[in-house]
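Only one structure is covered here, and it is reproduced in the block below.
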Amino acid sequence: MALVADNLAALGALINRQLVSLGRAIKFGSNAAVYTGRGILNRRIFPRHDFIVQVDYTGARSVPIMILTGALVGMTLVAQTTPTLARYGPKELVAGVCGVSVLRTFGPVLAAIIFAGRVGAAFTAELGTMKVGEEVLALDTMGIDPVGYLVAPRFAAAVLMLPCLTVLFDAAALLGGFIIAITNFDISASDYLDVTKQFVYISNFTFGLFKSLIFAVLISVICCFKGFSVHGSGMEVGRATMQAVVACLIAIIFGDFLLSLFYNILAKLDIVA
Amino acid sequence: MSGPSPSDASSSRAESGLQSHGPAIKVEHIKKAYGDNVVLNDISFELERGRVYVIMGPSGCGKSTLLRAMIGAEEPDAGTVFIDGVDTWAADKKAREEARRKFGVLFQGSALLNALTVAENVALPITRHTDLLKSTVDLMVKLKLELVGMGDAADKYPYEISGGMKKRAGLARAIALDPAIVFFDEPNSGLDPVMVGVIDKLIRDLTIKLGITSVLITHDMASIFRIADEVLMLYGGRIVFRGTPDQLRTTTSPLVRQFVNGDPEGPINAPRQLAELSQALFGASRPVTGEYQAPGERDKP
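Chains as they are written, first to last, in the working numbering: chain B, 3 to 275; chain Z, 1035 to 1335.
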């Protein structure tokens, strides 16, 4: 009985810690969003140069990996789905499967996962290192809010660039799937495009972009928060980075699930197709 | 270290916005504990203007916690700190920000932002808190860097310069806004003896030239005797000594004498740690060479 009570107490303490941490992360994220809004109006909040550096780092330098992985995902999807579809009906339907799944889920989710691994991890490591090196404290003692100076440019760049990268990922995946379909499975280009037009709605694309926006907020807040939570030695930076990436993966997949339910509700209300 | 009186620099102090009366820093009944470990136990003291103060004490005695409480980085459990009469821990955010404008900090690792050049680091607080033209900011930055002998390294990044240069650049940033008070956290750690001398001289000179109040956290005895006007020793969560370097040399307190002389045996609890380590390594039969003694009452000079 005592063992059960001890375990329940430990579970309660764990849940309590996680809820406190979640509350702090939400407050941190709200601060970052407020500073970003203020930063657009007042260049002293975060210098434009810092924002451009972050846009280059998070966006421009992520383009090759997004195009490469996007194309591979589209090609794999078509290569694996077409033979199965051919057994039960017209294999041209693969164009619809590829279009809808890439635009609604694979595009935003996989782009976000790659973004979390490449950019989010860097956010945590950079900020964690700055925390350990007392650079964050130095900013604070100079009367410069570290959230405004360090987090806001990263937050703004992530929110701007992840949807753009998702568009690139989507385009590469659709093109990759199209090429494999017409070269490997004897599907004509006109048939492929006709089926795509028939099954894929603009709302699939726009909702995918909406998802990527939400994922960008989640990734930047989680990773920057984890970076700012680092205490002690450099070893903590590595641990925090790993925790941040894991937390991002869970948040992206769980977020995708909730947003998919939300999309279904909108579809039932005839708000989206 | 001899030199002109710090009081000669009253005009510089006036420019820095420091009030002309009252203590520069007033620490009132500060208490801080981490769990059961009481680090600061009802500490109170006042520091006058234009002098070099050193707060010393063995590792883990709470020096850094006290510094963090003074610079507004770690809130004490009780008590408060007044910087030039402004409560650092006031509920009002504006008052806290006002208090922070009155001091600069040189951190142990310099804490320069690696993404910025040395000049940009020094310019950062100026551009953030003033509306000065870029040409004026550049001039101010050049002046501060020249003051610390770093004029040639303005365009270098922190990772391109040595530890001593980083300290000097950090000092230039700390005095960028002409603060009334500068805190130095272990300014000599990791530096060679010559560079330690250079930094010590720089601190002393700047205190005199700019009329600032310097507060150093260190346990480097050579530096303490070179530059301090007054020394405070922290031990067991309390101030156990306060006096001039001469008084520090001649004190009869066994605790302070042990620290000053670096004796491995004495009232400071290093022998107890050694004894515990000895017992862990060699068993209980190992003779204990020293006994732990609780921190004594304050030793008045």
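The beta-carbon is built from N, C-alpha and C at its ideal position, and this holds for glycine as well.
Computed from a predicted model, the values in this text were never measured in an experiment.
Is residue i helix, strand or coil by DSSP?
i: E1109 (chain Z); result: coil
i: R1272 (chain Z); result: strand
i: M237 (chain B); result: helix
i: D193 (chain B); result: helix
i: I267 (chain B); result: helix
i: V1073 (chain Z); result: strand
i: L1339 (chain Z); result: A question about residue 1339 (chain Z) goes unanswered here, because the residues of chain Z that appear run from 1035 up to 1335.
i: K1136 (chain Z); result: coil
i: A159 (chain B); result: helix
i: L5 (chain B); result: helix
i: A124 (chain B); result: helix
i: I1302 (chain Z); result: coil
i: D1219 (chain Z); result: strand
i: G1165 (chain Z); result: According to the sequence shown, residue 1165 (chain Z) is Asp rather than Gly. Correct three-state label for D1165 (chain Z): coil.
i: V22 (chain B); result: helix
i: A1256 (chain Z); result: helix
i: A1067 (chain Z); result: strand
i: D188 (chain B); result: coil
i: V1230 (chain Z); result: helix
i: D1121 (chain Z); result: strand
i: S1287 (chain Z); result: coil
i: L261 (chain B); result: helix
i: A1188 (chain Z); result: coil
Among all the DSSP beta bridges, which residues are the ones paired with residue i?
i: N33 (chain B); result: In DSSP, N33 (chain B) forms no bridge with anything.
i: E1062 (chain Z); result: Z:T1114
i: V1088 (chain Z); result: Z:L1250, Z:V1265
i: E1080 (chain Z); result: Z:K1060
i: G1277 (chain Z); result: Z:V1265
Using a Cβ-Cβ cutoff of less than 6 Å, which residues in the same chain neighbour residue i once the five nearest sequence positions on both sides are dropped?
i: F1259 (chain Z); result: P1279
i: L268 (chain B); result: V274
i: A1133 (chain Z); result: I1117, V1120, T1122
i: C250 (chain B); result: A118, G122, I221, I224
i: R1276 (chain Z); result: L1266
i: V99 (chain B); result: T83
i: D258 (chain B); result: V111
i: G72 (chain B); result: F171, A174, A175
Taking residue i as the query, report the chain Z residues whose CB atoms sit under 7 Å from its CB, ordered along the chain.
i: M237 (chain B); result: Simply none; closest approach about 17 Å.
i: D142 (chain B); result: A1107
i: R46 (chain B); result: R1162
Can you list, in chain order, the residues of its chain with a C-beta nearer than 7 Å to that of residue i? Leave out the 5 residues immediately preceding and following it.
i: G119 (chain B); result: V247
i: A1067 (chain Z); result: V1073, D1111
i: S1041 (chain Z); result: Any answer about S1041 (chain Z) is weak, because its pLDDT of 42 lies below 50 and its placement is not dependable; what the coordinates show is given next. Excluding positions up to five away in sequence, the list reads G1084.
i: A1145 (chain Z); result: G1204
Find the residues of chain Z that neighbour residue i, judging by a C-beta separation of less than 9 Å, and give them in chain order.
i: I146 (chain B); result: L1158, P1159, R1162, H1163
i: G61 (chain B); result: Going along chain Z, no residue has its Cβ under 9 Å from G61 (chain B), so there is no contact; the nearest lies around 18 Å.
i: L139 (chain B); result: R1102, I1105, A1107, V1139, F1141, A1145
Exposed or buried, which one is residue i when buried takes at least 16 other CB atoms within 10 Å?
i: G39 (chain B); result: exposed
i: E1299 (chain Z); result: exposed
i: T208 (chain B); result: exposed
i: T1252 (chain Z); result: buried
i: G1183 (chain Z); result: exposed
i: D1263 (chain Z); result: buried
i: V197 (chain B); result: buried
i: K1168 (chain Z); result: exposed
i: M237 (chain B); result: exposed
i: S1093 (chain Z); result: exposed
i: M75 (chain B); result: The question names Met, yet the displayed sequence has Val at residue 75 (chain B). The residue is buried, with at least 16 neighbouring Cβ atoms inside 10 Å.
i: S32 (chain B); result: exposed
i: Y1269 (chain Z); result: buried
i: V22 (chain B); result: exposed
i: S190 (chain B); result: exposed
In chain Z, which residues lie less than 8 Å from residue i when you measure between Cβ atoms?
i: E136 (chain B); result: F1141, Q1142, G1143, A1145
What residues from chain B crowd round residue i, counting only those whose CB sits closer than 8 Å?
i: R1083 (chain Z); result: Within chain B, no residue comes near R1083 (chain Z); the closest Cβ sits about 20 Å away, beyond 8 Å.
i: R1135 (chain Z); result: G145
By the criterion of Cβ-Cβ separation under 9 Å, what are the contact partners of residue i in chain B?
i: E1131 (chain Z); result: G145
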